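Step one of this worksheet: look at the structure below.
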Amino acid sequence: MPARELSRRLFGRFPQAIGYVVLCLGTGLAGLGLFYLLLVTLALCLVGTGFLLLPIVLRLLRRVAEFHRRRVSRVLGADVVTYYRGVDGETRRPKLSLRDPAVRKDIVWLLAHSILGTTLCVTAISACGGAVNWLSAPLWWRLAPRERDAVIVITVDSWPKAIGAMFVGVVYAAVAAAIVVALARVHALGSRKVLVTRARVPLEQRVQELSVTRAEALDAHDAELRRIERDLHDGAQAGIVAVSLRLGMIKRALKARPEQVPEMVDATQQLAQQALESLRQLVRGIYPPVLIDRGLIDAVRALTALNEVPTSIDIEDDAATAPRAPAAVEAAAYFVVSEALTNVAKHSGADSALVRLRISDRSISIHVEDNGRGGASEHAGSGIMGVRRRVAAFDGTTELVSPPGGPTVLRVEIPCGS
Amino acid sequence: MRILIAEDNALLREGLVLLLADEGHEICATVDNGTDLLPALLEHRPDAAVVDVRLPPSFRDEGLRAVVEARRQIPELPVLVLSQYVERAYAGELLAQSASGVGYLLKDRVGNTEEFLEALDRIAAGGTAMDPEVISQLMIRRAGDDPLSTLTQREREVLALMAEGQSNPVIAKSLFIAESSVNKHIGSIFTKLDLPTSASGHRRVLAVLTYLRA
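Protein chains in written order, with numbering that gives the first Met the number 0: chain S, 0 to 417; chain B, 0 to 213.
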């Protein structure tokens, strides 16, 4: 079984890895050009004209770095983001400068990526090339007999030798695939190391961010209160009034038409149950009892079980022994999953969904994916805005990827504040 | 009589239809949102309308605003407004034009079918039906003020019932006093509050409410 698991992991990751490697080779070679451009610009700064060119080059550098961060995120399956200094609050356009540690790290990365990265990529790709050579030995032998010695160490001049060469090619291919996957990972890990600058966000910017998220948290809270009030008004309260109205009718019927009373009592009881049901749903929406009693994992299980779209669930609980996250964080996480699943059921047209939950003592990360039609937008009343605000209130991050045609992936990470 | 019902909650709407149909009234239309209400009122011109204050799409006070507008175009259109809340502002807005044929009841009162049907009849006849809860809010607000504090306990009770839109016999019955005593109390209230006496019920309500709002 481990062998099968190993081959599944290897070949499952191979297409992505080879894509990444080829891309890196491209950006690596282009990076050499960019590095040269940067050097020339810096040299020109000595005579002054370089200062005009510098912002353009730095912006180009940042674009390449950002592009690469996204690729690395995809390969590693985790967010890779950096903090540039001095992001203009109004336009979000970065004011890049060589004094920014993130920019300097980008330059280091550019150099390393262009030289080391390119070498790695060439190694990986030539490993694949060898496999192709061996595998295609019979072709060479039949079609271009004169070239047969050029690429393979043995001389293929008979069928047994050709088949033997193909067999070697298969083994070679397996090894090459492993090398490509491993090198891609090494490259991605190394890139992440260099490309990420930990937040040394200026205090002023941090305060601004916090003011915004606090205002949004208040808004979200306000909207929540309004929702509860409306749900009560339209649901339970109206239901009870209807029950009371029916009881009044029964009272009158008792005198005039007693034979109709049993039927009316039945109808009234049904109304009372409906009212009760809506009350229960409302309470569950505020703070679900199962969340209080059993914690987030069981609450999310209950949510997925209730969802109309068949939903599988993948839970990893690193903190089995750790104390539970603060109630507000758990409630927010629950809200995110609930909202995401509602969206899947309502808008996506998907026929299956996946919820992945990772709980550690540092953070709760949520990943909800469906195979629906995609194209989800924050502004189409899908509730994603609400999710983002609620998550932002806890200093968490929300990421929605939903290209037209799907799949839609919502990724949320909420720090536990411990 | 022909009645129009505007209520967004299906359960309650259906209940009202049942109740009123059972009582022998004709339901000429039902409306479940604020946008359709005014056109429906103008088209059907019902003998009475039962209207929820909060209606879709915005769930604010669509119902009330539609009613106020309808009564501007069809004066004296009898309307019974139902609300989940006691809101002095709503009652005031409703009464600003005229107090005849207007009612403002808490939805809870619907459960007391006798009272509800009676209130409906009263407003259809051009009277007034104010929820006791609204009145007591108004009374509490003004309780500390001078003119009202000159009233005796009994006079205040009579004033409250008057403000609800009750007629003298009903007031007499609910306070267990003779009708002549009610007349006497009302006379003394009007004197103390410096209001001219008048025969018709809704004018007294208007007078009382106008005074209380002042």
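We put the beta carbon where it would ideally sit given N, CA and C, even for glycine.
Predicted model only: the values in this text are computed from it and were never measured.
If we ignore side chains and look at the alpha-carbon of each, how far apart do residue i and residue j end up?
i      : j      : result
B:A47  : B:V101 : 10 Å
S:L424 : S:A16  : Because residue 424 of chain S is not part of the residues shown, which for chain S are 0 to 417, the question remains open.
S:L290 : S:A298 : 5 Å
S:I285 : S:D369 : 26 Å
B:N32  : B:P55  : 5 Å
B:S180 : B:G126 : 22 Å
B:G91  : B:A65  : 15 Å
B:V80  : B:I122 : 11 Å
B:I188 : B:V157 : 9 Å
B:L174 : B:G164 : 15 Å
S:V63  : S:L109 : 9 Å
S:V167 : S:G189 : 32 Å
S:P54  : S:L231 : 57 Å
B:R203 : S:A255 : 36 Å
S:P402 : S:S351 : 17 Å
S:R251 : S:A222 : 42 Å
B:I134 : S:Q269 : 34 Å
S:A77  : S:V46  : 43 Å
S:V39  : S:L24  : 23 Å
S:I249 : S:V260 : 6 Å
S:L209 : S:E228 : 28 Å
B:N111 : B:E117 : 10 Å
Check the C-beta distance from residue i over to residue j and give it rounded, since I have them as a contact under 8 Å.
i      : j      : result
S:V354 : S:V336 : 6 Å
B:I73  : B:R44  : 6 Å
S:A176 : S:F13  : 5 Å
S:E412 : S:S364 : 4 Å
B:Y84  : B:Y103 : That belief does not hold up - the Cβ atoms of B:Y84 and B:Y103 are roughly 11 Å apart, past 8 Å.
S:R27  : S:S113 : Residue 27 of chain S is actually Gly in this sequence, not Arg. About 5 Å; that satisfies the 8 Å criterion.
B:V52  : B:D60  : 6 Å
S:P288 : S:Y333 : Between S:Y333 and S:P288 the Cβ distance is about 12 Å, and since that is not below 8 Å, they are no contact.
B:S99  : B:E75  : 6 Å
Around the Cβ of residue i, are there at least 16 other Cβ atoms within 10 angstroms (buried) or fewer (exposed)?
i      : result
S:L409 : buried
S:R279 : exposed
S:D87  : Only weak support exists for where S:D87 lies, its pLDDT of 42 falling under 50; the value from the coordinates is given anyway. Exposed is the call here.
S:T122 : exposed
B:E6   : buried
B:G23  : exposed
B:F115 : buried
B:L15  : buried
B:S106 : What sits at residue 106 of chain B in the sequence shown is Lys, not Ser. Looking at its Cβ environment, which holds 16 or more other Cβ atoms inside 10 Å, B:K106 is buried.
S:E4   : exposed
S:F393 : buried
S:S347 : buried
S:I162 : exposed
B:V109 : buried
S:E293 : Before going further, note that residue 293 of chain S is Arg rather than Glu in the sequence given. Per the 10 Å Cβ criterion, exposed.
S:T267 : buried
S:Y83  : buried
At which residues does the beta strand (DSSP E) containing residue i begin and terminate?
i      : result
S:T81  : Segment: none, S:T81 is in no beta strand (DSSP E) and carries neither H nor E.
S:D394 : Unbroken run through S:D394: none, as it is neither H nor E.
B:M129 : T127 to M129
S:R363 : According to the sequence as given, residue 363 of chain S is Ile; it is not Arg. That run of the beta strand (DSSP E) goes S362 to D369.
B:T29  : E25 to V30
B:V78  : V78 to S82
S:I358 : A352 to I358
Which chain B residues are close to residue i, counting only those with a beta carbon under 9 Å from its beta carbon?
i      : result
S:R245 : G14, L17, L18 and G110
S:M248 : G14, L17, L18, D21 and T112
S:L270 : L10 and G14
Tell me where the alpha helix (DSSP H) around residue i begins and ends.
i      : result
S:P159 : W158 to L194
B:G102 : Per DSSP, B:G102 belongs to no alpha helix (DSSP H); it is in the beta strand (DSSP E), V101 to L105.
S:C415 : Note, S:C415: premise wrong, no alpha helix (DSSP H); not H, not E.
B:E13  : A9 to D21
B:I185 : E178 to L192
B:R71  : E61 to Q72
B:S57  : That residue, B:S57, is in no alpha helix (DSSP H); it is neither H nor E in DSSP.
Please list the partners that residue i has in chain B, where partner means a Cβ-to-Cβ separation under 8 Å.
i      : result
S:H220 : In chain order: nothing, as chain B lies at least about 19 Å away.
At 7 Å on the CB atoms, spell out the chain B contacts of residue i, in chain order.
i      : result
S:G371 : Near S:G371 there are no residues of chain B at all, since even the closest Cβ is about 28 Å away, more than 7 Å.
S:R251 : T112
Taking residue i as the query, report the chain S residues whose CB atoms sit under 9 Å from its CB, ordered along the chain.
i     : result
B:L11 : A237, G238, V240, A241 and L244
Using the beta-carbon of each residue, which ones in chain S are nearer than 7 Å to residue i?
i      : result
B:Q83  : H232 and Q236
B:N8   : D233 and A237
B:K106 : V240
B:F58  : R229
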